[in-house]
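One line per chain: the protein sequences are H and V, in this order. With the first letter of the first sequence counted as 1, position 565 gets the number 565 in the numbering used here; the numbers rise by one all the way through. In the numbering used here, each residue carries its 1-based index in the second sequence increased by 1000. For reference, the structure is listed below as structure tokens.
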Amino acid sequence: MNCYAGKILWVDLTAGTVEAKPLDRELIRDWIGGRGINLKLLWDLAKPGIDPLGPENPIIFGTGVFAGTFAPSSGRMSITCKSPATNLYLKTNVGSHFAAELKLAGYDFVVVTGASAEPVYLWIDNERVQLRSAAHLWGLDTRQADRVIKEELGDSQVKTLMIGPAGENLVKFAAVMASIYRAAGRGGAGAVMGSKKLKALVARGTTDLGVADPEGFKRAALQSRRGIREDEYCWSRSFLFGTAQGVLGANEAGTLPHRNFQDGNTPGGQTLSGEYVSDKYAHPEGCSACVFHCGRFSRVNEGPHRGSYTAGPEYETLSSLGSKCDITDPTAVIRGNELCDILGMDTISAGTMVSFAMECYEAGILTSEQTGGMDLNFGDDKVMLKLLEMMAHREGFLGDLLAEGTRIAARRLGQGSEAFAVEAKGLEQSMVDVRGSMAYALAFALNPRGPDHLMTECLATYGYTPEVRDLAIKMTGTEEAVNPISPEGKPAMVAWHEDIYAVSDCVGICVFTSTWSYRMQFDNVAEIYRAATGRKVSTDEMRRIGEKIVTLERCFNLREGLTAKELDVLPPRMFVPSKTIRNGEVTLTPEKLQGMLVEYYRLREWDAEQGTPTPEKLARLDLADVAEALRS
Amino acid sequence: MRVEVRILLSPERVIRNETLKLELPPGATVRDLLDGLPFSPAEKRAFFKADGSGLAVGMGVLVDRENVEVHGRGLDTVLRDGSRVSLIHLLSGG
């Protein structure tokens, strides 16, 4: 079983048992690996209607097929469960080095079911696997717990995947942190681990991993790595400034979220740019086998936040904890990022909770009595930092309220606060103002985990290099593909990106290789996969499996009893014009979104009125049993 | 007419953060504006194609927050009194 470790580790926390079983070859044939196999396992294990924070919700950790090799940027893994934020499907994805370590320890997947009565962590030391007490770790932040674990195991090289206090306290946007600083952030997988009293997975792997055709693999992988490096524009911008390279342009274009998405331009926001942060505070870092090194590691050596250090901040964090709260001091954002990392929270949702609270306070919906006398003013970085700690610990009325996420917080507060909740399906929107980009609007509405960019980032719509522009036009058949405001061609663009994301997550490559630089496409992935595994998978079959994954994810949410009208939605604020986009013109309406959705359903060969995959389509994707499950 | 030009980028890969207010004759285009700006040789190399025929790969010009390649006539876009012009990198997102 070349390039696969060949085993799944099954952990039953209720019984306290661990068992390694062979990885089924049919799973590989039908779902490749990573996100695909995670999804199939979740579909089979999670019965409809289960409580995401109950022992019946499994959580599945899946390495990509290429993890542990030098295939480009192949250090990523997927974590899959039912989300406590949305009560729907959740796949979240993380880089760092844990995936490669787990694979080299001999396991492709870890499936955790049940719940432990007492805190535990899973110690995977090649074939020796133990559940160990984590009573002494419970309550520690990720930095502290990582240090204690390494000391007690006597090995500073083990890799950790753990939760912080936010996960223990079941905060709805608690993250799973890899090696302290890289986050599987979205959707609350950290709270699922917390509900199971599972503090951490710890891995040490020293086994070998073979590939079927070493020369062919070397040739194909190195060729792809070179291709990415030769794309000087994308590669150098990523390396020099990380994801934050997008801040400056977005702020100038009026699409960088400001004051809880009220508009898209932050005066003085240049200090949040990748150029500024990389010059003053940060240096590049990379995940396992990375080509880009878009990751940052920042340190503050002066001012009120002196001594803060953490990975990032990414574009999303600079906007979420910065511009969206009207904060322009990058050192405050670095401190906020550090708090989120060690407390174990998603910076996107956490920042959204802060800006939501600030807008509610400004509107008089949150009173001084409810805030404990704090003035929650936009622009106040001390408030932002204080709220992050309160949320993670569910401190007081306000901390407990905000820990529930915007949807529940707005329902509890009422008084029109629902209009300030920039969420859909229960997930806070990531930092793309979709009023300025119809591809993102459609992608966010369709995203099975909620409105964010990391299931379908349609960067091609910006046509930033001649090659990307040509690809965008090729995948849609129209030059309007690179007009972000036009709906034309966007359904095809979204479908293409959904499929390549699914495939990328199966093999575990960073989506910045398959989008952003667009150098790893279906054919490149298939070529490396064939050399790695010896399995004859064509380019078309690779894309078909991508579509199959997107389809089953859709069906998971339909099986939960929701309809397309409930699923394919955007935050209400996205239909309110922004004064910084097209001078306040209406750019996005429910009707415009619906038009794109219908065209998307047609392209996918789904029922155009119901927005559901038809039985015939499911059968063509070898998902006839899924059609039966939906009928029943 | 008077236009505002925001030059935030520099070839040194640090932020320049400079705003200029310039007088231009009526009917002036983005190209006229760029031709008249006192770019250093290093800035010219960083922002424009080697043959001078246009912007370097990935660079874009916004006029009043709109990309002139999408919503205007590229470098031939005519400026108006009060226009705000920005030179940026087009790639965006997180």
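All C-beta atoms in this analysis are idealised placements derived from N, C-alpha and C, irrespective of residue type, glycine included. Only a predicted model underlies this, so the values are computations on that prediction, with no experimental measurement involved.
With DSSP as the reference, label H/Tyr4 as helix, strand or coil. Taking the first sequence and counting its residues from 1, the one referred to as residue 4 of chain H is at position 4. DSSP places H/Tyr4 in coil when its eight states are reduced to three.
Determine the chain H residues that contact V/Gly1058 at a beta-carbon separation under 9 Å, and present them in chain order. As a working mapping, residue 1058 of chain V is identified with position 58 in the second sequence. Near V/Gly1058 (Cβ distances below 9 Å), the residues of chain H are Tyr233, Cys234, Arg237, Tyr464 and Thr465.
Pick from H/Ala532, H/Phe98, H/Tyr529 and H/Arg543: whose alpha carbon is nearest that of H/Met61? Sequence index remark: in the first sequence, residue 61 of chain H carries index 61 (1-based). With the sequence shown as reference, residue 61 of chain H is identified as Phe, and Met is not the correct amino acid for it. Ranking H/Ala532, H/Phe98, H/Tyr529 and H/Arg543 by Cα distance to H/Phe61 puts H/Phe98 first.
What residues from the stretch 568-588 of chain H come within 9 Å of chain V, judged by C-beta to C-beta, listed N to C? Thr580, Ile581, Arg582 and Asn583
Tell me, please, whether the CB atom of V/Gly1094 is closer than 7 Å to any CB atom in chain H? In the second sequence, the residue the question calls residue 1094 of chain V occupies position 94. Caution is warranted here: a pLDDT of 49 is assigned to V/Gly1094, below 50, making its placement in the model unreliable, and the coordinate value is therefore given only provisionally. At least one chain H Cβ lies under 7 Å of V/Gly1094.
Nearest chain H C-beta to V/Ile1015 closer than 7 Å, yes or no? Here the question's residue 1015 of chain V lines up with position 15 in the second sequence. Output row for V/Ile1015: interface = yes.
Looking at C-beta atoms only, is the number of pairs between the stretch 419-437 of chain H and the stretch 335-354 of chain H that lie closer than 8 Å three or more? yes
Skipping 5 residues on each side, what residues in its chain have a beta carbon closer than 6 Å to that of H/Thr331? In the first sequence, counting from the first residue as 1, residue 331 of chain H sits at position 331. The answer, listed in chain order, is Val300, Gly303 and His305.
With a 10 Å radius around its C-beta and 16 neighbouring C-beta atoms as the bar for buried, classify V/Gly1094 as buried or exposed. Numbered from 1 along the second sequence, position 94 holds the residue referred to as residue 1094 of chain V. Its pLDDT being 49, under 50, V/Gly1094 is placed unreliably in this model, and the coordinates cannot settle the point.
Is the beta carbon of H/Gly372 closer than 7 Å to that of H/Ala174? For the purposes of this step, residue 174 of chain H is taken as the residue at position 174 of the first sequence. For the purposes of this step, residue 372 of chain H is taken as the residue at position 372 of the first sequence. Cβ atoms of H/Ala174 and H/Gly372: not closer than 7 Å.
How about H/Gly307 and H/Leu385: do their beta carbons lie closer than 7 Å? Mapped onto the first sequence, residue 307 of chain H falls at position 307. Mapped onto the first sequence, residue 385 of chain H falls at position 385. Against a cut-off of 7 Å, the Cβ pair of H/Leu385 and H/Gly307 comes out as no contact.
Supposed contact pair H/Val383 and H/Thr406 - C-beta distance, whole angstroms, cut 8 Å: Along the first sequence, read from residue 1 onward, the residue named residue 406 of chain H stands at position 406. Along the first sequence, read from residue 1 onward, the residue named residue 383 of chain H stands at position 383. Between H/Val383 and H/Thr406 the Cβ distance is about 17 Å, and since that is not below 8 Å, they are no contact.
By alpha-carbon positions, which one of H/Arg573, H/Leu201, H/Pro55 and H/Leu41 ends up nearest to H/Glu101? Residue numbering aside, residue 101 of chain H sits at position 101 when the first sequence is read from its first letter. The shortest Cα separation from H/Glu101 among H/Arg573, H/Leu201, H/Pro55 and H/Leu41 belongs to H/Leu201.
Would you mind telling me which residues of chain V sit closer than 8 Å to H/Leu240, beta carbon to beta carbon, in chain order? On the first sequence, position 240 is the one that residue 240 of chain H refers to. Within chain V, the residues near H/Leu240 are Arg1013.
Opening and closing residue of the beta strand (DSSP E) in which H/Asp125 lies: Stepping through the first sequence from its first residue, residue 125 of chain H is reached at position 125. Here the beta strand (DSSP E) through H/Asp125 covers Val120 to Asp125.
Using a Cβ-Cβ cutoff of less than 6 Å, which residues in the same chain neighbour V/Met1059 once the five nearest sequence positions on both sides are dropped? Reading the second sequence from its first residue, position 59 is the one you call residue 1059 of chain V. These residues qualify, in order along the chain: Phe1047.
Simplified DSSP assignment, three categories, for V/Thr1019: As a first step, residue 1019 of chain V is located in the second sequence; it is residue number 19 there, counting from the start. It is a strand residue.
Cβ of H/Glu275 within 7 Å of any chain V Cβ: Numbered from its first residue, the first sequence carries residue 275 of chain H at position 275. Chain V, which has a Cβ nearer than 7 Å to the Cβ of H/Glu275, makes this yes.
Quick check: what's the CA-CA separation for H/Leu562 versus V/Leu1055? Walking along the first sequence from the start, residue 562 of chain H turns up at place 562. Walking along the second sequence from the start, residue 1055 of chain V turns up at place 55. Distance between the alpha carbons of H/Leu562 and V/Leu1055 is about 48 Å.
I need the straight-line Cα distance from H/Ile581 to H/Gly364, nearest angstrom please. As a first step, residue 581 of chain H must be located in the first sequence, where it is residue number 581. As a first step, residue 364 of chain H must be located in the first sequence, where it is residue number 364. Answer to the nearest angstrom: the Cα atoms are 28 Å apart.
Take H/Tyr181 and list the residues in its own chain whose beta-carbon comes closer than 7 Å to its own, dropping the five residues that flank it on each side. Translated into the one-based positions of the first sequence, residue 181 of chain H becomes position 181. For H/Tyr181, where only same-chain residues beyond five positions count, the Cβ hits under 7 Å are Thr310, Ala311 and Asp341.
Nearest to H/Gly210 by alpha carbon, out of H/Gly106, H/Asp141 and H/Ser179? Within the first sequence, numbered from 1, the residue matching residue 210 of chain H stands at position 210. For the residues H/Gly106, H/Asp141 and H/Ser179, the minimum Cα distance to H/Gly210 belongs to H/Gly106.
Let me make sure I understand the geometry here. Which of H/Asp375, H/Arg29 and H/Leu248 has the alpha-carbon closest to that of H/Glu314? The residue labelled residue 314 of chain H in the question sits at position 314 within the first sequence. Comparing Cα-Cα distances from H/Glu314 to each of H/Asp375, H/Arg29 and H/Leu248, the minimum goes to H/Leu248.
Report the residue from V/Leu1090, V/Val1078 and V/His1089 whose alpha carbon sits nearest the alpha carbon of V/Leu1033. For the purposes of this step, residue 1033 of chain V is taken as the residue at position 33 of the second sequence. Residue V/Val1078 is the option with its Cα nearest to V/Leu1033.
Best match in H/Ile28, H/Asp24 and H/Lys7 for proximity to H/Val18 [C-alpha to C-alpha]: The residue you call residue 18 of chain H lines up with position 18 of the first sequence. H/Val18 has its Cα closest to that of H/Lys7, out of H/Ile28, H/Asp24 and H/Lys7.
In the DSSP output, what is H/Lys172 paired with across the bridge? Here residue 172 of chain H refers to the residue found at position 172 when the first sequence is read from its first residue. None, per the DSSP bridge assignment.
DSSP puts H/His258 in a beta bridge; with which residues? On the first sequence, position 258 is the one that residue 258 of chain H refers to. For H/His258, which the question treats as bridged, DSSP gives the partners H/Asp263.
Quick one: Cα of H/Ser133 to Cα of H/Asp51, how far? In the first sequence, counting from the first residue as 1, residue 133 of chain H sits at position 133. In the first sequence, counting from the first residue as 1, residue 51 of chain H sits at position 51. Going from the Cα of H/Ser133 to the Cα of H/Asp51 covers about 25 Å.
If contact means a Cβ-Cβ distance below 7 Å, which residues of the stretch 263-288 of chain H contact chain V? Gln270, Ser273, Glu275, Tyr276 and Asp279
Verify the contact flag: H/Asn265, CB atom, against every heavy atom of the ligand ADP, threshold strictly below 6 Å. Questions concerning the ligand ADP fall outside what the structure shown contains, since it holds no ligand whatsoever.
Cα-Cα separation between H/Val434 and H/Leu630, rounded to whole angstroms: One-based indexing of the first sequence puts residue 434 of chain H at position 434. One-based indexing of the first sequence puts residue 630 of chain H at position 630. In a straight line, the C-alpha of H/Val434 is about 32 Å away from that of H/Leu630.
Is any beta-carbon of chain V found at less than 7 Å from that of H/Asn483? Residue 483 of chain H sits at position 483 when you count from the first residue of the first sequence. Taking Cβ atoms only, chain V reaches closer than 7 Å to H/Asn483, which makes this a yes.
Contacts of V/Leu1090 in chain H (Cβ-Cβ under 7 Å): For this step, residue 1090 of chain V is matched to residue 90 along the second sequence. The answer, in chain order, is Gly249, Tyr462 and Tyr464.
Nearest neighbour of H/Ala460, chosen from H/Lys490, H/Arg35, H/Leu446 and H/Asp452 [CA to CA]: In the first sequence, residue 460 of chain H corresponds to position 460, counting from 1. It is H/Lys490 whose Cα lies nearest to the Cα of H/Ala460.
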